[in-house]
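Asker: Once you've had a glance at the structure underneath, I'll fire off some questions.
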Amino acid sequence: MGLTTTKEMFEKAYKGGYAIGAFNVNNMEIIQGIVEAANEQNAPVILQVSAGARKYANPVYLTKLVEAAIECNKIAGKDIPIALHLDHGPDFETCKACIDGGFTSVMIDGSKYDFEENIALTKKVVDYAHARGVVVEAELGKLAGIEDDVNVSEDDAMYTNPDEAVEFVKRTGCDSLAIAIGTSHGAYKFKGDAKLRFDILDQISKKLPGYPIVLHGASSVPQEFVKMCNEYGGNIPGAKGVPEEMLKKAATMAVCKINIDSDIRLAMTANIRECFVQTPEVFDPRTYLGKAREAVKNMVAHKIVNVLGCNGKA
C-alpha cells in the first residue's frame, strides 16, 4: 500500500471509537521508529511535517524518506496505511507546495485570522487540494503554547465555538477540523491540573455527527523522559502534558486524529543524553541515534495500544 489520504482512516476511526496517531517527523530515525511501531501493531499512521521540519530537513529529503519507508514496507510484505500530512500550514503557498510535492493531506492553519479571513483562506486551500485528490484539515479556535512557528500566549488562547464550527465546516468544505478545548502546544502545557472541555467536544460532535475532529497539542510529556533529561544534564523542570486517560476518552468520542510531537522529542533527547553520560567514549552517531530510534518506536507503540486504540486497525 502506498501513501493514502486520511479520509478512509477517519471514517473507520469514527465508527470504531478510536483515533489515529499523527506523529511529527524531522529525520530518518524518527520516521523509522514510528513506522516500525505501526507495522508491529498493525496500525494506520499519519506522518506529519511541520513548517519548521521543512525548513530544517528540506521537503524533498522528508518526502523521499517517507517514500523509502513505504518501499521498505513493500519489500517486507507490510501493508499498513500511511498518510503524509502537512502540520500547521501557514499559508496557501506552503499548502500548494506540499500538495504538488506528493503530500496526501494538508492542514491550513488560519486560526490567527478572524473568522471570515480563516474561512476564505481555508476555502482557497480546499478548492485546490480537492481538485487534486488531497484532503484538508483546518483549525478554528486558538491553542496556547509554542511549537515551531506557532506561538500563542495563554491570554490569546480561545476555545472553539460549536456553532461557528458548524458554519465553518459547511462554508469551507474542509475534511477535518482541529478544535481548541484546552490542549496546548509544547512541553509546558499546564501550570495546574489539566482541564479539557469535553462539553465543547460533545456539542460539536452532536452538531456535526460523523465528522472527524482533531486534537493538537496532545503530547502527554511522559515524566520518565523528563526525569531522564534532567538527570543527564538537561534543564526542563515542570514540563507537563495532557494525561493519557483524557486523550483516551477523546479518542472514543469524535476525535479521530491526535497529534504527538513533544513526546517524540523527549524520548529521543532523554536517551541520547543518557548514552552520552553513561558511555562518554561513544562518538558513533549510529549508537546514540539507534538508541533514540528504539525509544521512539517503544513510545509510539505504547501510544497506539494504550491511548489511541488503533492497534490492529490497519
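The numbering of the sequence shown is the working numbering, which starts it at 185 and goes up by one.
We put the beta carbon where it would ideally sit given N, CA and C, even for glycine.
1) Using 8 Å as the Cβ pair cut-off and three pairs as the minimum, do the region 185 to 194 and the region 254 to 273 touch?
2) From which residue to which residue does the beta strand (DSSP E) around Gly474 run?
3) Measure the C-alpha to C-alpha separation of Phe287 and Ala498 and round it to an integer number of angstroms.
4) Beta carbon of Glu220, beta carbon of Ala476: below 8 Å?
5) With burial defined as no fewer than 16 other Cβ atoms inside 10 Å of the residue's Cβ, what is the status of Ala315: buried or exposed?
6) Work out the CA separation of Leu399 and Gly201 for me, nearest whole Å.
7) Applying the 10 Å Cβ sphere with the 16-neighbour rule, what's the burial state of Asp311?
8) Can you tell me whether Glu286 is helix, strand or coil according to DSSP?
9) Are the CB atoms of Ile292 and Gly273 nearer to each other than 8 Å?
10) Taking the alpha carbon of Lys239 as the reference point, which residue from Asn257, Asn211 and Gly217 has its own alpha carbon closest?
11) In its own chain, which residues sit with a C-beta less than 6 Å from the C-beta of Val461, not counting the 5 before and 5 after it?
12) Between the region 482 to 496 and the region 430 to 446, can you find at least three pairs of beta-carbon atoms closer than 8 Å?
13) Could you say if the region 383 to 395 and the region 404 to 424 meet the contact criterion of at least three C-beta pairs nearer than 8 Å?
14) Which value, in whole angstroms, describes the spacing of the CA atoms of Lys248 and Ile254?
15) DSSP three-state label for Asp293, please.
16) Please give the ranges of any alpha helix (DSSP H) in the region 342 to 422, keeping only runs that are unbroken, at least 4 residues long and fully inside the region.
17) Quick one: complete alpha helix (DSSP H) runs, 4+ long, within the region 197 to 245?
18) Could you give the first and the last residue of the continuous alpha helix (DSSP H) run that contains Ala459?
19) For Met430, tell me which candidate among Val466, Asp383 and Pro393 has the shortest Cα-Cα distance.
20) Starting from Asp311 and walking both ways along the alpha helix (DSSP H), at which residues does that stretch end?
21) What's the C-alpha gap between Asp339 and Val426?
22) How far does the alpha helix (DSSP H) with Glu428 in it reach, from first residue to last?
Answerer: Checking against the coordinates, here is how it stands:
1) Touching, yes.
2) Locating residue 474 in the sequence shown gives position 290, where the first residue counts as 1. In the DSSP assignment, Gly474 falls outside any beta strand (DSSP E) and lies within the alpha helix (DSSP H) extending over Pro469 to Lys487.
3) Taking the sequence shown and counting its residues from 1, the one referred to as residue 287 is at position 103. Taking the sequence shown and counting its residues from 1, the one referred to as residue 498 is at position 314. Between the C-alpha atoms of Phe287 and Ala498 there is a straight-line separation of about 20 Å.
4) On the sequence shown, residue 220 is found 36 positions in, with the first residue counted as 1. On the sequence shown, residue 476 is found 292 positions in, with the first residue counted as 1. Annotated as distal: Glu220 and Ala476, with beta-carbon spacing of 8 Å or more.
5) Residue mapping note: residue 315 aligns to position 131 of the sequence shown, counting from 1. Under this definition Ala315 is an exposed residue.
6) Against the sequence shown, residue 201 aligns to sequence position 17. Against the sequence shown, residue 399 aligns to sequence position 215. When rounded, the separation of the alpha-carbon atoms in Gly201 and Leu399 is 15 Å.
7) In the sequence shown, residue 311 corresponds to position 127, counting from 1. Asp311 is classed as exposed because its beta carbon has fewer than 16 other beta carbons within 10 Å across all chains shown.
8) On the sequence shown, residue 286 is found 102 positions in, with the first residue counted as 1. The sequence given here places Gly at residue 286; Glu does not occur at that position. The answer is coil: DSSP assigns Gly286 none of H, G, I, E or B.
9) By 1-based counting over the sequence shown, the position of residue 292 is 108. By 1-based counting over the sequence shown, the position of residue 273 is 89. Ile292 places its beta carbon less than 8 Å from that of Gly273.
10) Here residue 239 is taken as the residue at index 55 of the sequence shown, counted from 1. Looking from the CA of Lys239, the closest CA among Asn257, Asn211 and Gly217 belongs to Asn211.
11) To locate residue 461, count along the sequence shown from 1; it is residue 277. Apart from the 5 residues on each side of it in sequence, Val461 sits with its Cβ closer than 6 Å to the Cβ of Tyr416 in its chain, given in chain order.
12) Yes: the two stretches touch, three or more of their Cβ pairs being nearer than 8 Å.
13) Counting Cβ pairs under 8 Å, fewer than three are found: no touch.
14) Taking the first residue of the sequence shown as 1, we reach residue 248 at position 64. Taking the first residue of the sequence shown as 1, we reach residue 254 at position 70. Straight-line spacing of the CA atoms in Lys248 and Ile254 works out to 10 Å.
15) Looking up residue 293 in the sequence shown gives position 109. Asp293 falls in the coil class under three-state DSSP.
16) Those alpha helix (DSSP H) runs which fall completely within the region 342 to 422 and span 4+ residues are 346 to 356, 382 to 391 and 407 to 415.
17) The region 197 to 245 contains these whole alpha helix (DSSP H) runs: 212 to 225 and 235 to 241.
18) Working through the sequence shown from its first residue, we reach residue 459 at position 275. Reading the sequence as shown, one finds Cys at residue 459 and not Ala. Per DSSP, the unbroken alpha helix (DSSP H) holding Cys459 starts and ends at Ser446 to Gln462.
19) Reading the sequence shown from its first residue, position 246 is the one you call residue 430. Cα-wise, what sits closest to Met430 is Asp383.
20) The residue given as residue 311 occupies position 127 in the sequence shown. From DSSP, the alpha helix (DSSP H) with Asp311 extends over Phe299 to His314.
21) As a position in the sequence shown, residue 339 is number 155, starting the count at 1. As a position in the sequence shown, residue 426 is number 242, starting the count at 1. For Asp339, the predicted structure reports a pLDDT of 49, less than 50, and the residue's modelled location is therefore unreliable. A value from the coordinates is still provided. Asp339 and Val426: Cα-Cα distance of roughly 19 Å.
22) In the sequence shown, counting from the first residue as 1, residue 428 sits at position 244. Element bounds for Glu428: Glu428 to Ala435.
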